[in-house]
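Structure, as structure tokens:
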Amino acid sequence: MADKICIHTNSKIDNIKERVLEKSLKSIIEKEGYLNYEIVTRKFNTGGGNFLGELMEVDVKGEAVDGEKETNLFVKKAINFEKIITLNGNEVIHKELFVYIDLSPVVTHLQDTAEVPSEDRFKIPKAYSESSEHALIFENLAKKGFKTYGKYDVLPLKYMELAIQELGRFHGISFVIERRMPDFYENKIKTQKSPFNFNDDWKGLMEKIFLYTANLLGGETKRRIEDYLPIAIKKYPVYDNDQTSVRCCLSHVDYRSANILVREIDGEPVEVITVDYQLLDYGCPLRDLLFFIYSTTSKDFRREHMVHLKDLYFETLTRYLKYFDLDIEDVYPRKEFEEVYKEWKDYGLIRTLYSSVFLFAPDSGLDVSKLCLAELPYEPGPEVQERARGWIEEFIEDGYL
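Heads up, the sequence shown is in this note's numbering, so the first residue is 1 and it goes up one at a time.
In structure tokens, the structure reads:
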């Protein structure tokens, strides 16, 4: 058995985290039965889609007890925030550890017991038990053909449907746990608080994005946006922290195309898997639905398909709960769902507008480890400006501005 791991990489790793990662990798290699091996690592560039971790692909190649072998891993290393106090860096990685290490076997057990067919199961990527608060270690799904679409890609309707269905299953399994495992639900799910601190730094980011958009559009619309800004700053934290006035469950909170892996056959999307649970909390599930639709589509697309996608989400949730002998009207009545959808629609608009600094970040990314939120550069190109016009037009049409 080789006793030394040689990592070939162009990036410097913090000494403590490097030692922890190497120890974790060595443990995985031992379990895989390698006799001699080489490790090659590559820094993974998401094209500006990732901010809360340093990503690496790790390939282990060598001779194992049963012959030549290759193991492909994907590593997400924690980063430290020097100036951002809006988000708790330690808390976000613990949320991911909860999903991949604690929640995943619960989901598998419940779906196995209910005999949920493979095509209708909620899927969680395989993470190794050697994952820690310093680094999450996964099976590299890129080697199985999974990828993410680019931030400016025109997303196929089929992909949107697959992602909406997967979201319905995610929320559905949370409702199932509430009824089948009430102690786990009370102690592990309802305790998932928002990792955000809506402080002056966050307000500074809101002001930067809203006022930039106001100046971009000008005229009467500019005045309306300026008048609405203090309302949005007051209203959004209420939405994000509401755990009492609406039906709640486990929520992803960052459900967007950069966090939804897709596999295609002959250019057609056939499967999606959700990743990046660092903002996970217990709250209104409509936040995920609204943010996903607004963050990934144009106004024209929404005009044509939004009602269909909303209905598809509810139909998927209804069907999924039936596997567990649960009636949707006892869990989330359609009337209540429609009321919350209508009342909370501006959540999607507010969230998407202020999140556009992240949604459409430069390909080189944003250095959130050294900048506070209000210092993040925001210079949207024509594509983002067109999206922003669509969001603001819907604000006006829906009576918010």
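Heads up, the beta-carbon is just placed ideally off N, CA and C, and yes, glycines get one too. These numbers come from a predicted model, not from an experiment.
Quiz item: For the segment 22-80, which segments carrying the beta strand (DSSP E) assignment without a break, of at least 3 residues, lie completely within its bounds, in sequence order?
Solution: 34-43, 54-64, 67-77
Quiz item: Would you call the CB atoms of F324 and A127 closer than 8 Å?
Solution: As a position in the sequence shown, residue 324 is number 324, starting the count at 1. As a position in the sequence shown, residue 127 is number 127, starting the count at 1. Their beta carbons are not under 8 Å apart, which means F324 does not touch A127 by this criterion.
Exercise. Whole angstroms is fine: what's the gap from S355's alpha carbon to A374's?
Key: Along the sequence shown, one-based indexing puts residue 355 at 355. Along the sequence shown, one-based indexing puts residue 374 at 374. The alpha-carbon atoms of S355 and A374 are separated by roughly 12 Å.
Quiz item: Shortest alpha-carbon distance to V384 belongs to which of K61, M306, I209?
Solution: By one-based count along the sequence shown, residue 384 stands at place 384. Answer by Cα proximity: I209.
Practice problem: Taking H94 as the reference, give the member of P105, V106, A78 with the closest Cα. | Solution: Against the sequence shown, residue 94 aligns to sequence position 94. If we check each option's Cα against that of H94, A78 comes out closest.
Self-check item: L250 vs W344 beta-carbon contact at 8 Å
Solution: Within the sequence shown, residue 250 is the residue found at index 250, counting from 1. Within the sequence shown, residue 344 is the residue found at index 344, counting from 1. Not closer than 8 Å, so no.
Quiz prompt | Outcome for L279 when other beta-carbon atoms lying within 10 angstroms are tallied against a minimum of 16 | solution = The residue given as residue 279 occupies position 279 in the sequence shown. Per the 10 Å Cβ criterion, buried.
Quiz item: Exposed or buried, what is Y152 when buried is set at 16 or more other beta-carbons lying within 10 Å of its beta-carbon?
Solution: Numbered from 1 along the sequence shown, position 152 holds the residue referred to as residue 152. Exposed: under 16 other Cβ atoms inside 10 Å.
Exercise. Check each candidate in G348, S298, K342 and name the one with the smallest Cα separation from V154.
Key: As a first step, residue 154 must be located in the sequence shown, where it is residue number 154. Taking only the C-alpha atoms, the option nearest V154 is S298.
Self-check item: Own chain partners of E130 with C-beta closer than 7 Å, once the 5 adjacent residues on each side are dropped
Solution: Position 130 of the sequence shown holds residue 130. Within the same chain, E130 has close Cβ partners S24, S27, I28, I137.
Quiz prompt | Sequence-distant residues of the same chain with beta carbon closer than 6 Å to L289, five excluded per side | solution = Position 289 of the sequence shown, counted from the first residue, corresponds to residue 289. Here the set comprises Y313.
Quiz item: Using CA coordinates, which residue listed in E32, L21, V58 is at the minimum distance from I39?
Solution: Residue mapping note: residue 39 aligns to position 39 of the sequence shown, counting from 1. The shortest C-alpha separation from I39 is found at V58.
Quiz item: Is it true that the CB of V106 sits closer than 8 Å to the CB of M160?
Solution: Here residue 160 refers to the residue found at position 160 when the sequence shown is read from its first residue. Here residue 106 refers to the residue found at position 106 when the sequence shown is read from its first residue. Taking 8 Å as the Cβ cut-off, M160 and V106 do not qualify as a contacting pair.
Quiz item: Based on the DSSP output, what are the partners of L261 in its beta bridges?
Solution: Mapped onto the sequence shown, residue 261 falls at position 261. Paired residues: I273.
Quiz item: What are the start and end residues of each continuous alpha helix (DSSP H) run of 4 or more residues lying completely inside the segment 293-333, in chain order?
Solution: 299-322, 328-331
Quiz prompt | N259 burial status per 10 Å Cβ neighbour count (16 or more: buried) | solution = Working through the sequence shown from its first residue, we reach residue 259 at position 259. The residue is buried, with at least 16 neighbouring Cβ atoms inside 10 Å.
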